[in-house]
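**Student:** For any residue, its number in our numbering is found by taking its place in the sequence shown, counting from 1, and adding 58.
Glycine included, each C-beta is placed from N, C-alpha and C at the ideal position.
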Amino acid sequence: MQELKNLLRVLVERDGSDLYLSTGAPPSIKCLGELIALTNDAMPVDKVRQIAYGIMNEEQINDFERKPEMNLAISEENLGRFRVNIFKQRNEVSMVIRAIKTEIPNFSELGLPPILPQLVMKKHGLVLFVGGTGSGKSTSLASLIDYRNSNSAGHIITIEDPVEFVHRHKKSIVNQREVGVDTDCYEDALQNTLRQAPDVILIGEIRSRETMEHALAFAETGHLCLSTLHANNANQALDRIINFFPEERHNQLFLDLSLNLRGIVSQRLIPTLDAKRTVAIEILLGTPRVRDLIKKGEVDALKEVMEKSREQGMKSFDQALYQLYKEGKISMEEALRNADSANNIRLKITLDEKKRGGEAIKPKTASEEMVRSQNEQAEKNLLAQVGSTKNVKDDLRKLKELSRQKVEHQPAPQAAPTVAKNSFSLQPLDEK
59 MQELKNLLRV LVERDGSDLY LSTGAPPSIK CLGELIALTN DAMPVDKVRQ
109 IAYGIMNEEQ INDFERKPEM NLAISEENLG RFRVNIFKQR NEVSMVIRAI
159 KTEIPNFSEL GLPPILPQLV MKKHGLVLFV GGTGSGKSTS LASLIDYRNS
209 NSAGHIITIE DPVEFVHRHK KSIVNQREVG VDTDCYEDAL QNTLRQAPDV
259 ILIGEIRSRE TMEHALAFAE TGHLCLSTLH ANNANQALDR IINFFPEERH
309 NQLFLDLSLN LRGIVSQRLI PTLDAKRTVA IEILLGTPRV RDLIKKGEVD
359 ALKEVMEKSR EQGMKSFDQA LYQLYKEGKI SMEEALRNAD SANNIRLKIT
409 LDEKKRGGEA IKPKTASEEM VRSQNEQAEK NLLAQVGSTK NVKDDLRKLK
459 ELSRQKVEHQ PAPQAAPTVA KNSFSLQPLD EK
């Protein structure tokens, strides 16, 4: 429909992420996390239904009327590809349409850590990307699949609902299966995947125990399995996985995870100071220490391991946020708002300020600044006259000590008396 095409054009031109169509509300888009109404006019009754039915085929319409949930992908010439979710609310049809970036970005363009390409090049194991809706999980995963496709020969199978990024065959053969188009459901596709001799299997999202079981089975049988999961961080992702299964299976599950988990990558998109967004990434790697903790079921201890294992490529969200703040990319408010522990961020900032403050005395008053400036000039003059010798260094040390003493004993500046114009003269500084 032309009306939908016009709305999609606005979404693309404004670089929005989502288009919202609901009866009684104006068409709205989300840009940089903010919802923006496109008009002042609310959508009338039955209008959204007409748009939705206009993009579904007959089979999809029948499925939607039987079970009022529908996911599909559409393409518009010169606009791109879009993921569509159609649902009902208050007995009216509503739609949320997400713009899909058809051009697969390079992982370095996304600011992803260099450890991630190493993960995607592994022979076997389980790698999970976790985060909230719209955190960029699919984009990061697509960039790494493209890296594998460009650098390793093999067979890559993806099972997605729907297919978002379209991969070309490069060094690998990439077969992408869309749920509802190429297969009826995730379970049907997963049951037959091993017969298709894959090297890498991408599962669009783990939503159930059955899908999680398949993912672990793929990893155990010598395949690299990649997937996404809705969770805020690595600890929460593991808690979600554990809660898929009954308690009597937890010990075996911990063992399976300890043997097969290669990494959990958690990410959030954070507003930057230049009104854009950047990614904060937490990385948990399957090191011997991490595997041992998972085997014992000591999931709560993993965050401390991440904090202390920067040299191995791991880092926590709080470390990632603090680094972005330190680099001047995000504000302190955003760092604290998105932190797992705001107190942890505050402590890092406080300790860093104290450390930097100990390197030089910071002037507090105009008189202190004058003394500091004079001493800096004296140091320069002294070095220019005699060069850098041990005696000069001793003299400089004494000079700095004198500076501190003068600052400490400098009397507080007095208010200047009111005088008539040109009734004063400049006096030399007391050099005693």
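(1) By the DSSP assignment, the alpha helix (DSSP H) with D121 in it spans what residues?
(2) Is it buried or exposed for L222, if we count other Cβ within 10 angstroms and need 16 for buried?
(3) For the candidate residues L177, V185, Q147, whose alpha-carbon lies nearest to that of V103?
(4) Measure the C-alpha to C-alpha separation of K384 and L248 and round it to an integer number of angstroms.
(5) One question on the structure: do E218 and E236 come within less than 8 Å of each other, judged by their Cβ atoms?
(6) Which residues mark the beginning and the end of the alpha helix (DSSP H) in which S152 is found?
(7) Round the Cβ separation of T279 and L260 to the nearest angstrom and send it over; I've been treating them as touching at under 8 Å.
(8) In terms of DSSP beta bridges, what is M101 paired with?
(9) Can you find the residues in the same chain that come closer than 8 Å, C-beta to C-beta, to L199, ignoring five residues on each side of it along the sequence?
(10) Please report how far the alpha carbon of Y78 lies from the alpha carbon of N209, in whole angstroms.
(11) Can you tell me the Cα-Cα spacing of V348 and V363, whole angstroms?
(12) Taking DSSP's pairing of strands, which residues face N233 in a bridge?
(13) Note down the Cα distance separating A289 from L351, rounded to an integer number of angstroms.
(14) Leaving aside the five residues before and after F122 along the sequence, list all residues of the same chain whose C-beta is less than 6 Å from its C-beta, in chain order.
(15) Give every residue of the same chain whose Cβ lies closer than 6 Å to the Cβ of I173, excluding the five residues on either side of it in the sequence, and list them in chain order.
(16) Please classify P175: does DSSP put it in a helix, a strand, or coil?
(17) Can you tell me where the alpha helix (DSSP H) holding F223 begins and where it ends?
(18) Pull up the distance between the alpha-carbon of E116 and that of A131, whole angstroms please.
(19) Suppose the cutoff is 7 Å on Cβ atoms and the five residues either side in sequence are ignored; what does the same chain contact list for A255 look like?
(20) What whole-angstrom Cβ distance do V185 and N207 have, given they're in contact under 8 Å?
(21) If you reduce the DSSP assignment to three classes, tell me which class D314 lands in.
**Tutor:** To lay it out plainly:
(1) 116–124
(2) Reading off the sequence, residue 222 comes out as Glu, not Leu. Answer is buried; the Cβ neighbour count reaches 16.
(3) Q147
(4) 44 Å
(5) yes
(6) Where S152 is concerned, there is no enclosing alpha helix (DSSP H), although the beta strand (DSSP E) it sits in stretches over 150–158.
(7) Not confirmed; about 16 Å, so no contact.
(8) T81
(9) F187, L260, L284, T286
(10) 39 Å
(11) 7 Å
(12) I215
(13) 20 Å
(14) M128
(15) G371
(16) helix
(17) F223 -> no alpha helix (DSSP H), and no H or E assigned at all.
(18) 15 Å
(19) H213
(20) Their Cβ separation, rounded to whole angstroms, is 16 Å, which puts V185 and N207 out of contact at 8 Å.
(21) helix
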